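Numbering follows the numbering used here, in which position 88 of the sequence shown is assigned residue number 88; successive positions increment by one, without gaps.
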Amino acid sequence: MQPEQSGVKTWQWVVTVMVVIALIIIGIFVFGNKKVEAPVTGEETTLPTTQTANNIIMSNQFPGNVVYISSIQATNAGWVAIQKDNTGTPGEVIGYANVVAGTNPLKVTLSQPTIDGGVYYAVMYSDDGDGKFDVTKDSPLKDANGNVIMRLFRASATANAEIKG
């Protein structure tokens, strides 16, 4: 005779189902309404809002004649220019490379080496249609907020040895 055990098992099932439902509801509130927001680092001027947005992902670089961009995401073909710092804004172009549409790593050979401790910018440009980079004719790309799509980086002897230039 086990009628009381049957009642205990029913009570256990009811509690278990209620706990599972509560966990699902909590999970929806905690994880369901997350919005992706750009971190405020002071160095990156833009982050993509969709998979097809223009974006530059890179880290500080070892001083030298080459800059390695981990990933450049471009909606259209264009250019990326490496520019010296000019009192907080991109200045003289010291290297550039063609960018194809899509997401790709990129290597940019420079006409002047980066110097340890120096500040530099990787800036995305559209092509004016002639297939040649000209900083006076090709326009810097901007995001939806009107910010130029660029990434500030530093040349540092302590940068990861894998990115030696």
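For each residue, glycine too, the CB sits at the ideal point set by N, CA and C.
Please read these numbers as outputs of a predicted model, since none were measured by experiment.
Limits of the unbroken beta strand (DSSP E) element including residue i
i	result
T109	102 to 109
M58	It is not in any beta strand (DSSP E) - M58 carries neither H nor E in the DSSP assignment.
R78	According to the sequence provided, residue 78 is Gly. The question's Arg does not apply to it. Here the beta strand (DSSP E) through G78 covers 78 to 86.
I149	First-last for I149: undefined, no H or E at that position.
I94	89 to 99
Nearest neighbour of residue i, chosen from the options [CA to CA]
i	options	result
A101	G129, T16, G78, Q83	G78
G129	N98, V19, Y120	N98
N60	V19, Q12, E92, Y120	Y120
L152	K137, D134, V80	V80
S71	D143, N147, V108, V14	V108
N65	V15, T114, K137	T114
T89	D134, V14, V123, A22	V123
N104	K137, Q73, K84, E92	Q73
Which of helix, strand or coil DSSP assigns to residue i
i	result
Y121	strand
Q73	strand
V20	helix
K142	strand
V135	coil
E44	Low per-residue confidence applies at E44: pLDDT is 44, beneath 50, and the placement is therefore not dependable, though the value from the model is reported in the following sentence. In the structure shown, E44 sits in a strand (DSSP, three-state: E or B).
Contact check, residue i vs residue j, beta carbons under 8 Å
i	j	result
I82	Y68	no
S126	S111	no
I149	I56	yes
A155	G117	yes
A144	F62	no
T75	N54	yes
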